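K.L.:
Residue numbers (the numbering used here): 327 to 503.
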Ligand SMILES: Cc1cc2nc3c(=O)[nH]c(=O)nc-3n(C[C@H](O)[C@H](O)[C@H](O)COP(=O)(O)O)c2cc1C
């Protein structure tokens, strides 16, 4: 299947993208086609709630979200990749999610497969509580079919991430699809 990996860290070679790399390797070995979209280095602006789109029409903003929207509408699966920022998605990823507004109906009608990959510094048992819950609620609302989550606690730097169990977990998730 076609898998669209949406990265969202300002660190091109950081922890969350390292986990994504491992996921991608596994998914490619399993025969899937991968497309990567780096939202943190794209020109994407926040939704301005102008209601021009009426939740199903062109967005009035002319930026890279037009490219991403087409990719999303043509893919079978999205992988959301993010560093944990104040217990939620990075604002770079949240901007993308808010821009789903202009194709909300089309998106939920697709019943897309999704996965979540997160890297966080902390390793408390509550570190991922809220991002996990937010993601699960998005899945429920947008009719996403969750294929798995890699919630990388103690992944504050690339070296911390490399010695953790999470790269392997990300690889296994990709391979299992
Ligand atoms: C603005 C900001 C907010 C952060 N908030 C959290 C947080 O709530 N919990 C946590 O464990 N780490 C937090 N961190 C640390 C990052 O999640 C962590 O360093 C992660 O590995 C960065 O991933 P990256 O290299 O892919 O950007 C924060 C970092 C920044 C810059």
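Backbone N, C-alpha and C fix where the C-beta goes; we use that ideal spot for every residue, glycine too.
These figures come from a predicted structure and were not determined experimentally.
Going by beta carbon distance, what residues of the same chain come within less than 8 Å of residue 415, once the five residues before and after it are set aside?
P.N.:
These residues qualify, in order along the chain: 334, 406, 408, 423, 457, 460.
K.L.:
Confirm, please, whether the CB-CB distance from residue 365 to residue 418 is below 8 Å.
P.N.:
Going by C-beta atoms, residue 418 is nearer than 8 Å to residue 365.
K.L.:
Residue 497: buried (16+ other C-beta within 10 angstroms of its C-beta) or exposed?
P.N.:
By the 10 Å Cβ count, residue 497 comes out buried.
K.L.:
Is there contact here, the region 428 to 442 with the region 468 to 484, by at least three beta-carbon pairs under 8 Å?
P.N.:
With the cut-off at 8 Å, the region 428 to 442 and the region 468 to 484 touch.
K.L.:
Is the distance from the Cβ of residue 330 to the Cβ of residue 487 below 8 Å?
P.N.:
Cβ distance not < 8 Å, so residue 330 and residue 487 don't count as in contact.
K.L.:
What does the alpha-carbon distance come out to for the pair residue 472 and residue 421?
P.N.:
So the two alpha carbons sit approximately 21 Å from each other.
K.L.:
Are residue 482 and residue 452 touching if we call contact CB-CB under 8 Å?
P.N.:
No.
K.L.:
To the nearest angstrom, report how far apart residue 443 and residue 396 are at their CA atoms.
P.N.:
Each residue's Cα considered, the two are about 22 Å apart.
K.L.:
Within 10 angstroms of the Cβ of residue 348, are there 16 or more other Cβ atoms? Answer buried if so, exposed if not.
P.N.:
It counts as buried.
K.L.:
Would you tell me roughly how many angstroms separate the C-alpha atoms of residue 445 and residue 493, rounded to the nearest one?
P.N.:
Looking at the two C-alpha atoms, the distance is approximately 10 Å.
K.L.:
Looking only at its own chain, which residues have a Cβ that is under 6 Å from the Cβ of residue 352, when we skip the five neighbours before and after it?
P.N.:
Same-chain partners within the cutoff: 497, 500, 501.
K.L.:
Quick check on the DSSP output: the alpha helix (DSSP H) that includes residue 436 runs from which residue to which?
P.N.:
430 to 436 is the span of the alpha helix (DSSP H), which, as asked, contains residue 436.
K.L.:
Would you report the Cα separation of residue 381 and residue 434, rounded to the nearest angstrom?
P.N.:
Those two C-alpha atoms are separated by around 12 Å.
K.L.:
Can you tell me where the alpha helix (DSSP H) with residue 391 in it begins and where it stops?
P.N.:
Note, residue 391: alpha helix (DSSP H), 391 to 400.
K.L.:
Could you tell me how far apart the beta carbons of residue 385 and residue 428 are, in whole angstroms, since I believe they sit closer than 8 Å?
P.N.:
Their Cβ separation, rounded to whole angstroms, is 4 Å, which keeps residue 385 and residue 428 in contact under 8 Å.
K.L.:
Can you pull the DSSP bridge partners for residue 470?
P.N.:
Partner(s): none; residue 470 has no beta bridge.
K.L.:
Give the single residue among 462, 339, 332, 328 whose Cα lies nearest to the Cα of residue 485.
P.N.:
Nearest C-alpha to residue 485: 339.
K.L.:
To the nearest angstrom, how far is the alpha carbon of residue 425 from that of residue 374?
P.N.:
Approximately 9 Å, taken between the alpha carbons.
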